[in-house]
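Peer 1:
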Amino acid sequence: MDGSNFPVHAGDLPSRVSTIDEVEKYLLDKPYKTDRMDLNHPGGGHAYRVEEDGVSFAYVTDNELDPPDKPHTSYDEWVEYCRGVDLLVHDAQYTEVDMPEKHGWGHSLISQVRQLAVDAQVKNLAMFHHDPERTDSALDEIALESANYFKSSGSKIGSYIAAEGLTFELKVKNDPKVSTLNLLEY
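Going by my numbering, 75 is the number at position 75 of the sequence shown; the sequence numbering is gapless.
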């Protein structure tokens, strides 16, 4: 929120915003393993991978998998970062029709995100950060195309269009005291 890539400066918000400067220390104090990766976005940012007792998810916002300039994180690095996660939540804002005028804006093609899910062998993919002009029926079509894509690729990836109210529960495998790990709710 520096005003150059986002229309508002952080200081202009009508609220008190607190930030944590020592992210590594904060994350290491928690009972789960976390890892972060630099996003390919003009404004910067980080993706996060969280793991606990054999359950993992990766949360990748505002990320262009194939930016026009040198990426902060290469496609191959994204594949390794997301490899085998139970749930990948990834920016999937644009179609091939949208991209020519928006290349470099820091958001991914839906088709590239699908391929990342296959290459990284994720178990479930939730596509989010939809283009604001995308209609519900267009999102339904993307969901159908995605299911067909994964089926034709021979993968068994669960595919979801993230929407308000969608909840994911990931089962913790090795701890009988914890039946589910509620990681994400939209």
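Virtual Cβ for every residue (Gly too), placed ideally from N, Cα, C.
Quantities reported herein were computed from a predicted structural model and do not represent experimental measurements.
Quick check on DSSP: helix, strand or coil for SER152?
Peer 2: Taking the sequence shown and counting its residues from 1, the one referred to as residue 152 is at position 152. Helix at SER152.
Peer 1: Rounding to the nearest angstrom, what Cα-Cα distance links HIS129 and TYR94 in this structure?
Peer 2: The residue you call residue 129 lines up with position 129 of the sequence shown. The residue you call residue 94 lines up with position 94 of the sequence shown. Computed Cα separation, rounded: 9 angstroms.
Peer 1: Nearest to TYR251 by CA position, among GLU96, ILE110, TYR59 and HIS90, is which residue?
Peer 2: Outside the displayed span of the chain (1 to 186) sits residue 251, for which this structure offers no information.
Peer 1: Can you list, in chain order, the residues of its chain with a C-beta nearer than 6 angstroms to that of SER192? Leave out the 5 residues immediately preceding and following it.
Peer 2: This structure gives no information on residue 192, because the portion of the chain shown stretches from 1 to 186.
Peer 1: With a threshold of 8 angstroms between beta carbons, is SER159 in contact with chain C?
Peer 2: Absent from the structure: chain C. Only one protein chain is present.
Peer 1: My understanding is that ILE161 touches LYS123, with C-beta atoms under 8 angstroms, so please give their C-beta distance in whole angstroms.
Peer 2: Position 161 of the sequence shown, counting from 1, holds the residue named residue 161. Position 123 of the sequence shown, counting from 1, holds the residue named residue 123. Rounded, the Cβ-Cβ distance is 17 angstroms, inconsistent with contact.
Peer 1: Hey, would you say ASP76 sits closer than 8 angstroms to PHE57, going by beta carbons?
Peer 2: In the sequence shown, residue 76 corresponds to position 76, counting from 1. In the sequence shown, residue 57 corresponds to position 57, counting from 1. No, they are not a contact pair.
Peer 1: Cutting at 7 angstroms between CB atoms, please list the residues of its own chain near VAL67, excluding the five before and the five after it.
Peer 2: To locate residue 67, count along the sequence shown from 1; it is residue 67. With the sequence shown as reference, residue 67 is identified as Pro, and Val is not the correct amino acid for it. Excluding positions up to five away in sequence, the list reads ASN40 and GLY104.
Peer 1: Please specify which runs of the beta strand (DSSP E), each continuous and at least 3 residues long, are wholly inside the stretch 81-149, giving them in chain order.
Peer 2: For the stretch 81-149, whole beta strand (DSSP E) runs of length 3 or above, ordered along the chain, are 87-91 and 124-128.
Peer 1: Look up SER56 in the DSSP assignment and give the residues it is bridged to.
Peer 2: Taking the first residue of the sequence shown as position 1, residue 56 is located at position 56. BP columns for SER56 point to GLU51.
Peer 1: VAL60 and HIS90 - do their beta-carbons sit closer together than 8 angstroms?
Peer 2: As a working note, residue 90 is residue 90 in the sequence shown. As a working note, residue 60 is residue 60 in the sequence shown. Yes, these two residues count as a Cβ contact at 8 angstroms.
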